[in-house]
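Heads up: the sequence lines are chains A and B, in that order.
Heads up, the first sequence is in my numbering, so the first residue is 1 and it goes up one at a time.
Heads up, the second sequence is in my numbering, so the first residue is 1 and it goes up one at a time.
Number of protein chains: 2
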Amino acid sequence: MPKETFFNLPEEKRQHFLEIALAEFASHDYANASISRIVAQAGIAKGSFYQYFADKAELYRYLLELGAQQKAQFLATPPPEADMDIFAYLAWLAQTGVQFELAHPQLSQIGYRAVKSGDVPSELMQQARASAYTFFAQLVAQGKTQGSIDAQIDEELAAFIFHTIITELGGYLLSRVEENAADRLADGRSFFDSPAADLFNQTIHILQFGMGTR
Amino acid sequence: MPKETFFNLPEEKRQHFLEIALAEFASHDYANASISRIVAQAGIAKGSFYQYFADKAELYRYLLELGAQQKAQFLATPPPEADMDIFAYLAWLAQTGVQFELAHPQLSQIGYRAVKSGDVPSELMQQARASAYTFFAQLVAQGKTQGSIDAQIDEELAAFIFHTIITELGGYLLSRVEENAADRLADGRSFFDSPAADLFNQTIHILQFGMGTR
DNA sequence: CAGTCATATGACCGACCGGTCACATTCTAC
DNA sequence: GTAGAATGTGACCGGTCGGTCATATGACTG
Chain A
1 MPKETFFNLP EEKRQHFLEI ALAEFASHDY ANASISRIVA QAGIAKGSFY QYFADKAELY
61 RYLLELGAQQ KAQFLATPPP EADMDIFAYL AWLAQTGVQF ELAHPQLSQI GYRAVKSGDV
121 PSELMQQARA SAYTFFAQLV AQGKTQGSID AQIDEELAAF IFHTIITELG GYLLSRVEEN
181 AADRLADGRS FFDSPAADLF NQTIHILQFG MGTR
Chain B
1 MPKETFFNLP EEKRQHFLEI ALAEFASHDY ANASISRIVA QAGIAKGSFY QYFADKAELY
61 RYLLELGAQQ KAQFLATPPP EADMDIFAYL AWLAQTGVQF ELAHPQLSQI GYRAVKSGDV
121 PSELMQQARA SAYTFFAQLV AQGKTQGSID AQIDEELAAF IFHTIITELG GYLLSRVEEN
181 AADRLADGRS FFDSPAADLF NQTIHILQFG MGTR
């Protein structure tokens, strides 16, 4: 947690600093993100930074936490229908996740990096990854009781597949559809009216029914 | 390519150096891998290193190239049956890939890091990634003509899914089965006599038939 | 032997890093 | 006003980095 001094800062200055710090950690991994660059760009003295944060790691943890909060909030706001089919829910989840990526590309970047690389093997990240797996495992268990997922499927394995595909799908789809970035940010929905929407549904369809001929 | 001086080195010394360099790049990402540490550990002077390689990037590229060669050779040696079913071939591919990971964990680590993180966005890596995608896309096309893959499936999307799952599956399975590392290295087959073998088949089965109830 | 050439060496360079600290400035309360 | 606390500042520290270079070593030539 940042020091009290940081929260005593004028809202505007604090936000400005956070934006710059976020950009730095989004465009460099932990080791290469530079406090010196951040303070230079934010127009504050290096000493001041250390009156806000104990060290580099604290700033990093704080940014991750902010990102997790924002994403959780994003995924919670329009709660999906209660007794949705599990694959429909999965589709909704993936779709909303991509919308979050579009709305907050930097937050997504830093989160992705944190989960992917063992750069910062803090207990925090292991915990985050584990909870993501648990979440998907519960989803699969629920799908089984619903009867929409084959009871013979290994739950953890299915959770791994869901997690992996959903995590990577957004980046892949974005790399495939060359839409104007400004357009995308202007309205998340436009992305799903594009050819990408079909690819989305196809991915879920594959997880549900496979690629094999039937 | 290393300088000629490097290849004039006694075989033993060159191998020793490569082992140490490999360990360094396997345990640190590109930015944090240290030439100073490598030369200290290898017992050579820093200046000597720069008589072998033009710079850090050249060593890195060389290690990647060596790794790619070894993996290609590994995957080529026991060529699978010619007219294998596409999913059977996929299973063989994933299995053999994991065996390679077990046999050369450091090479796998450095390759994985290179593909995953945008750390070194050299044209070399983009090319490697693209060719991997192309490979899987061709596999899917072949599966379609074979009749084992649904003709309506988007080929590139299927390639993405294959590539993603296969890339991540090894690490996941290894994290699930807590086998003695020495045992694993001693005999690659033992891994597939373990519970992991079932998870393997299940993964391929899911890609072929999906998780949904039928 | 001398001359030459490939190779080995490690002190050294400039750059950058995260983090500190003595001091300057500003704010608050009396 | 003025005392004192809170906050801001940037030169500075020790350390590490990738990379250089003058010099030493030793092997091969004639």
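Beta carbons are placed, not taken as given, at the ideal position from N, Cα and C, and that holds for glycine.
Bear in mind that the values here come from a model prediction, so they are computed numbers and not experimental data.
- Here ILE44 of chain A carries a coil assignment [DSSP, helix/strand/coil].
- Using beta-carbon distances, MET1 of chain A does not count as an interface residue toward chain B, since no partner is under 7 Å.
- Under DSSP, ILE149 of chain B shares a beta bridge with A:GLY212.
- Secondary structure note for VAL98 of chain B: its alpha helix (DSSP H) is the uninterrupted segment 86-103.
- If you draw a straight line from the Cα of GLU58 of chain B to the Cα of GLN51 of chain B, it comes to about 12 Å.
- Under the three-state reduction of DSSP output, ASP198 of chain A falls in the helix class.
- At the C-beta level, ILE86 of chain A and GLN146 of chain A come within 7 Å of one another.
- With its beta carbon less than 7 Å from one in chain A, LYS116 of chain B belongs to the interface.
- Distance from the CA of MET211 of chain A to the CA of GLN208 of chain B, rounded to the nearest whole angstrom, comes to 5 Å.
- Taking the CA atoms as reference points, ALA159 of chain B sits about 35 Å from PRO2 of chain B.
- Residue contact check for ASN201 of chain A against chain B: no CB pair falls below 7 Å.
- ALA132 of chain A is positioned such that its CB atom lies closer than 7 Å to that of HIS163 of chain A.
- In the three-state reduction of the DSSP assignment, TYR60 of chain A falls in the helix class.
- Shown here, PHE25 of chain A sits in a helix according to DSSP, grouped into three states.
- With respect to chain A, the C-beta atom of PHE49 of chain B has no partner C-beta closer than 7 Å.
- For TYR172 of chain B, the uninterrupted alpha helix (DSSP H) segment begins and ends at 155-176.
- Assignment of GLU81 of chain A by DSSP, reduced to helix, strand and coil, places it in the coil class.
- Put simply, the backbone Cα of LEU9 of chain A is about 9 Å away from that of GLN15 of chain A.
- For the region 50-78 of chain B, the beta-carbon criterion of a distance under 7 Å to any beta-carbon of chain A is satisfied by none of its residues.
- Contact between LYS144 of chain A and PHE100 of chain A does not hold, since their C-beta atoms are separated by about 28 Å, which reaches or exceeds 8 Å.
- Close CB contacts of ALA33 of chain B within its chain, under the 7 Å cut and outside five residues either way in sequence, are with GLU24 and PHE25 (chain order).
- When DSSP states are grouped into helix, strand and coil, ASN32 of chain B belongs to the coil group.
- At a Cβ-Cβ threshold of 7 Å, ALA91 of chain A and ILE204 of chain A count as neighbours.
- VAL177 of chain A is classed as exposed because its beta carbon has fewer than 16 other beta carbons within 10 Å across all chains shown.
- It is roughly 29 Å from the alpha-carbon of THR167 of chain B to the alpha-carbon of LEU22 of chain A.
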